[in-house]
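> Pasting in a structure now, in structure tokens, and then I'll have a few things to ask.
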Amino acid sequence: RIESDPDGKLYENFMASAFIAHPYRRPIIGWVSDLMFLKKRPTERFFKTYYAPNNTVVAVVGDIDPSKTLEIIKKHFEHIPSQPIPSFIPTKEPEQMGERRIKVKFDANPSLIIGHHKPTVPDFDDYVFDVIDSILSRGRTSRFCKILKSFCCICYSKTPTYHC
Numbered sequence: 006r007i008e009s010d011p012d013g014k015l016y017e018n019f020m021a022s023a024f025i026a027h028p029y030r031r032p033i034i035g036w037v038s039d040l041m042f043l044k045k046r047p048t049e050r051f052f053k054t055y056y057a058p059n060n061t062v063v064a065v066v067g068d069i070d071p072s073k074t075l076e077i078i079k080k081h082f083e084h085i086p087s088q089p090i091p092s093f094i095p096t097k098e099p100e101q102m103g104e105r106r107i108k109v110k111f112d113a114n115p116s117l118i119i120g121h122h123k124p125t126v127p128d129f130d131d132y133v134f135d136v137i138d139s140i141l142s143r144g145r146t147s148r149f150c151k152i153l154k155s156f157c158c159i160c161y162s163k164t165p166t167y168h169c
């Protein structure tokens, strides 16, 4: 996982600091301690509940025969019974009241992540932030790239990401 990956370790710690209540704070497959203490029955119950055909999306891409493809999908899923999906009560992230900083010690080149909470779809400002992100950080001619690489000579790479 991330024990030997400095960028992964930084990102995992960043997300845990950036979010207090929202599930984004947790790694997709859980914390190492979660994985080390998994019990068989709760894991099977989780799998049976959420990995059921009525909670599955199948995406097929390419030059396919739709009827043959549907036949194959049915062959693999039809025998699996549907499961009631528990109701979902979304967690609202509390407003951030100030700056949060973390330091992660690792024998690696220095790395930095800066993040800000933003509105999400369907808020119109989500699209505004997407345009701002494109202008500031995408491509060699982006403003961040010009400043960090060309003028300051302090950055050997940058990776803009726009999510959460």
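Counting with our numbering, you get residues 6 to 169 for the letters of the sequence shown.
Positions of the beta carbon are idealized from the N, C-alpha and C atoms, including for glycine.
Looking at the unbroken alpha helix (DSSP H) that takes in Ser139, where does it start and where does it end?
Numbered from 1 along the sequence shown, position 134 holds the residue referred to as residue 139. Looking at the DSSP string, the run of the alpha helix (DSSP H) that includes Ser139 is Phe129 to Ser142.
> Given Val63, which residues of its chain have a CB within under 7 Å of its CB, disregarding the five upstream and five downstream residues?
Stepping through the sequence shown from its first residue, residue 63 is reached at position 58. Excluding sequence neighbours, Val63 sits near Ile78.
> Cys169 to Thr125, Cα distance in whole Å?
Numbered from its first residue, the sequence shown carries residue 169 at position 164. Numbered from its first residue, the sequence shown carries residue 125 at position 120. Any reading at Cys169 needs caution, since the residue's pLDDT is 43, under 50, leaving its predicted position unreliable; the model's value is listed next. Straight-line Cα distance between these residues: approximately 8 Å.
> Roughly how many angstroms lie between the CA atoms of Lys97 and Pro28, to the nearest whole one?
Taking the sequence shown and counting its residues from 1, one reaches residue 97 at position 92. Taking the sequence shown and counting its residues from 1, one reaches residue 28 at position 23. Distance between the alpha carbons of Lys97 and Pro28 is about 10 Å.
> How many angstroms separate the CA atom of Asp135 from the CA atom of Gly120?
Taking the sequence shown and counting its residues from 1, one reaches residue 135 at position 130. Taking the sequence shown and counting its residues from 1, one reaches residue 120 at position 115. So the two alpha carbons sit approximately 14 Å from each other.
> Evaluate Phe129 with the Cβ neighbour count: other Cβ atoms within 10 Å of its Cβ, from every protein chain shown; 16 or more gives buried, anything less gives exposed.
As a position in the sequence shown, residue 129 is number 124, starting the count at 1. So Phe129 ends up on the exposed side.
> Can you tell me the Cα-Cα spacing of Ser9 and Phe51, whole angstroms?
The sequence position of residue 9 within the sequence shown is 4, counting from 1. The sequence position of residue 51 within the sequence shown is 46, counting from 1. One C-alpha to the other measures close to 29 Å.
> Indicate whether the contact test is met: 3 or more Cβ pairs, each with one atom in the region 51–61 and one in the region 20–27, closer than 8 Å.
Not touching, per the Cβ criterion.
> Beta-carbon within less than 7 Å of Ile107's beta-carbon, same chain only, minus the 5 sequence neighbours each way: which residues are those?
Here residue 107 refers to the residue found at position 102 when the sequence shown is read from its first residue. Excluding residues within five positions, the ones whose Cβ falls inside 7 Å are Asn18, Phe19 and Ser22.
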